[in-house]
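Going by this note's numbering, the first residue of the sequence shown is number 55, and it counts up by one from there. Think of the CB as a built atom: it goes at the ideal place given N, C-alpha and C, for glycine as much as any other residue. The structure presented is a predicted model; accordingly, all values stated were derived computationally and were not measured. Okay, so here's the structure we're looking at.
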Amino acid sequence: MKFSKILLILGIIALLSAFAMSTSFAISSEKITKYKLYSNSTYNKKIVTIDELSISNHNDNVKLKYYNINIKKKYQNKYKLKSVNITYTYHKENWESVKVHKNYNAKNKNTIKIKGSPKYYYVDITINYYTKSKIKKESISLPYNSHKWKGTFYYYGKKSNIKLYEAKNITETQYLTAVDITYEKFKVTTKNKKYKIKEVKVVYYDFYGVNSIKTYKGHGKNSLTIEPKFPKKLGIFGGLGEFIIVYY
55 MKFSKILLIL GIIALLSAFA MSTSFAISSE KITKYKLYSN STYNKKIVTI DELSISNHND
115 NVKLKYYNIN IKKKYQNKYK LKSVNITYTY HKENWESVKV HKNYNAKNKN TIKIKGSPKY
175 YYVDITINYY TKSKIKKESI SLPYNSHKWK GTFYYYGKKS NIKLYEAKNI TETQYLTAVD
235 ITYEKFKVTT KNKKYKIKEV KVVYYDFYGV NSIKTYKGHG KNSLTIEPKF PKKLGIFGGL
295 GEFIIVYY
């Protein structure tokens, strides 16, 4: 009887130990989609560069927008900014177009910073120059022009935060947006040392849905920096959509 009791006790201890071990190594995961984004789109004309700076979030709610217009160094002796005319356009729910025209005095300088309105997505810009050269003005429509884009995303989840830096070449028209990611780097950091990263899944989207999923091993770390190999052509409306973090 004593021997049977000992076996029973040992069995219970073994079961409790196995349960404790399985609990300590239990796998959980979370999908991280919410972020704040600081971005810069750079458009090139012959005489100037136009930087569109904005702050937005995962719901495409633009909180702040600026336009930095700068005369390129090689033209600064012959050209000065005289004025900038901007037509802002947005569409109502019934697709009725609303246009707002504004003029800005550039005061004969090499650069001007203009605070835009977050609600206007379509912007037509005309830049007028002080110059004796042939080119008296230049115009551009945003976003319907090829441009270089770079941005820093701050993703936030329940157990981890992610800082993502991304650079893209974007070709955009009224009918097509093509994205070519040229550089990408992100860092995943857990909010508590008890969360160990098993793997990170990065989900990329295009116009039709999920384009690809890349998986990276976490090796049980609390912090993980990853620099994927690019360029990576993603086609229409391509881009990174979400992270899935799997924990031990």
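Cα-Cα separation, residue i to residue j
i      : j      : result
Asn148 : Asn223 : 32 Å
Asn265 : Phe297 : 14 Å
His273 : Lys146 : 50 Å
Met75  : Tyr301 : Unreliable positioning characterises Met75 in this predicted model, as indicated by a pLDDT of 43, which lies under 50. A coordinate reading is not provided.
Ala221 : Thr143 : 27 Å
Val256 : Tyr208 : 15 Å
Lys167 : His155 : 17 Å
Pro197 : Glu226 : 7 Å
Tyr133 : Ile104 : 15 Å
His201 : Glu106 : 10 Å
Val116 : Tyr219 : 19 Å
Ser195 : Tyr175 : 11 Å
Ser137 : Asn164 : 11 Å
Tyr184 : Lys99  : 16 Å
Asn307 : Lys85  : What the structure shows of the chain is the stretch from 55 to 302, and residue 307 is not part of that stretch, so it cannot be assessed.
Leu135 : Tyr129 : 11 Å
Val254 : Asn139 : 47 Å
Leu278 : Asn199 : 36 Å
Asn131 : Lys186 : 11 Å
Lys161 : Glu192 : 17 Å
Buried versus exposed call for residue i [16 or more other C-beta atoms within 10 Å across all chains shown]
i      : result
Asp114 : exposed
Val233 : buried
Leu91  : buried
Ile299 : buried
Gly263 : exposed
Leu230 : exposed
Ile189 : exposed
Ile267 : exposed
Nearest candidate by alpha-carbon position, reference residue i, set the options
i      : options                        : result
Asn94  : Ser110, Ser82, Lys88           : Ser110
Lys275 : Gly263, Tyr259, Lys117, Lys250 : Lys250
Lys245 : Asn215, Leu230, Thr96          : Asn215
Thr141 : Lys127, Ile86, Val177, Lys268  : Val177
Tyr237 : Tyr270, Thr206, Thr231, Tyr175 : Thr206
Thr310 : Lys126, Ser83, Glu84           : Residue 310 lies beyond the range of the chain shown here (55 to 302); nothing can be said about it.
Tyr258 : Pro282, Lys204, Gly295         : Gly295
Gly211 : Tyr270, His112, Lys271         : His112
Asn88  : Lys248, Val254, Lys217, Ile235 : Checking the displayed sequence, the identity of residue 88 turns out to be Lys instead of Asn. Closest by alpha carbon: Lys217.
Lys169 : Val254, Ile123, Lys186         : Ile123
Integer Cβ distance of residue i from residue j, believed to fall under 8 Å
i      : j      : result
Phe240 : Ile179 : Actually they do not touch by this definition, with Cβ atoms about 33 Å apart.
Lys119 : Ser171 : 7 Å
*What beta strand (DSSP E) runs, 3 residues minimum, are completely inside the stretch 128-185?*
As for any beta strand (DSSP E) of minimum length 3 sitting wholly inside the stretch 128-185, the runs are 134-145, 151-163, 165-169, 176-184, ordered along the chain.
*Can you list the beta strand (DSSP E) stretches of 3 or more residues lying completely in the stretch 235-278, in chain order?*
Annotation note: the stretch 235-278 contains the following uninterrupted beta strand (DSSP E) runs of length 3 or greater, listed N- to C-terminal: 251-260, 263-275.
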